[in-house]
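Data block below; observations after.
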Amino acid sequence: MDAIIEKPNNLGELSRFLSETNSQKTSHIGYCGEKEEEIYQTLKEAFISDEGDIKFLIARNRTGEILAAIGFDIEETVAEVWGPFNKTSSIYLQSQLWKQLVNENPLIQKFHFFINEENELQQVFMNEIKAKKTGEHLILEIKEQNFDKVIEMKSEPFKHSDFQAFEMLHNAMFQNTYYDGKTIIERLNDRNMLKILKNMSNELQGYAYFEVDTEMREASLEYIGVSKNAQSQGLGTRLLKEVLTEMFSFPQINEIKLTVDRANSQANRVYMKVGFEPKDILISYRLKL
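Each residue of the sequence shown is one higher than the one before, counting from 555 in my numbering.
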């Protein structure tokens with residue numbers, strides 16, 4: 555297939571292409587959003603280096619239409635791969651994009667992919683490049699109109715006197731995670747919130763950390779945890795309901811999405827119980843060079 559491979563020079567055009575392509579389950583990539591303005595903002599913030607170089611490649615046909623694209627969201631030697639996005643059925647075309655972008659970024663040692671279960675073309679591509687499947691995940695969604703808000707809160711905002719107990723519980727529950735206890739505390743502000751649940755003896759039973767981006771009209775529940783000796787008492791459900799009530803208190807937020815491990819049926823039942831519904835199944839892959 556005749557195609558011109560180049561760096562995109564128009565973020566608006568690229569955002570439209572990604573939005574259109576990613577809105578279809580058969581070409582959906584989990585790392586990329588579906589809203590054009592959200593994609594545009596992320597491209598600007600995460601894909602352009604300090605020197606102005608964009609970590610994206612596109613393929614155009616002779617009339618200038620974008621046929622395929624791929625991008626790397628790079629953190630040191632690791633990249634989350636946006637794509638490949640491909641309007642054609644040509645594995646060869648996207649292989650060219652992939653190889654060229656890999657060659658342009660020789661410091662990357664590990665690549666992560668997040669592909670919709672119905673995106674068969676990219677699952678074939680994962681086999682071709684010998685990427686290893688690492689898990690299956692559910693995208694859950696809840697809309698404000700389908701959620702019964704909590705009137706009386708039992709959780710309370712984090713206080714510095716809670717730090718030691720919180721850090722111990724968080725680091726025990728989520729080892730090797732992206733935010734350790736100390737990092738969460740450093741991130742706290744009027745949009746990044748940590749709620750704490752205690753018993754009558756003032757002992758920490760559970761916590762939830764969430765972030766709200768009012769500009770992008772997004773809210774994300776990053777962590778929720780209940781200590782072992784406080785489980786099977788309905789506290790996880792209670793805490794989840796209270797946190798969702800807090801998130802929906804922002805007028806810009808009318809829906810919330812979560813990515814959860816598909817195999818964790820016990821936790822997923824809690825999410826479904828409060829009103830979350832399954833939206834997509836995503837497969838994660840990893841490739842080490």
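From the three backbone atoms N, C-alpha and C, an ideal C-beta is built for every residue, glycine too. Keep in mind the model is a prediction, meaning the values are calculated, not measured.
If the five residues before and after Tyr825 are omitted, its C-beta is found closer than 6 Å to the C-beta atoms of Leu694, all from its own chain and listed in chain order. The Cβ atoms of Leu647 and Leu611 lie no closer than 8 Å to each other. Excluding its 5 nearest sequence neighbours in each direction, Phe830 has C-beta neighbours in its own chain below 8 Å: Leu694, Glu695, Ile696, Leu812, listed in chain order. Contact between the region 585–603 and the region 629–638 is present, with at least three C-beta pairs closer than 8 Å.
By the CB criterion at 8 Å, Ala821 and Val814 fall inside the cutoff. Using a Cβ distance threshold of 8 Å, Ser581 and Asn673 count as a contacting pair. In the structure shown, the three-state DSSP call for Arg741 is helix.
Every unbroken stretch of the beta strand (DSSP E) spanning 3 or more residues and falling wholly within the region 762–803 is given here in chain order: 772–780.
Three or more Cβ pairs closer than 8 Å define a contact, and the region 785–797 falls short of that threshold against the region 725–744.
For Tyr839, the three-state secondary structure derived from DSSP is strand. DSSP lists Ile612, Phe639 as the bridge partner or partners of Ala623. A Cβ-Cβ contact shorter than 8 Å links Leu572 with Ala623. Inter-segment contact for the region 832–843 and the region 685–692 is present: three or more beta-carbon pairs are separated by less than 8 Å.
At a Cβ-Cβ threshold of 8 Å, Ser781 and Leu748 do not count as neighbours. The beta-bridge partner set that DSSP reports for Met754 is empty. Excluding the 5 residues flanking it on each side, Leu843 has same chain C-beta neighbours closer than 6 Å at Gln663, in chain order.
Note that the C-beta distance between Ile608 and Lys561 is below 8 Å. Assignment of Gln578 by DSSP, reduced to helix, strand and coil, places it in the coil class.
Here Gln578 has no same chain residue with a Cβ atom under 7 Å from its own Cβ, once five neighbours each way along the sequence are excluded. DSSP, reduced to helix, strand and coil, places Gln759 within a strand of the structure shown.
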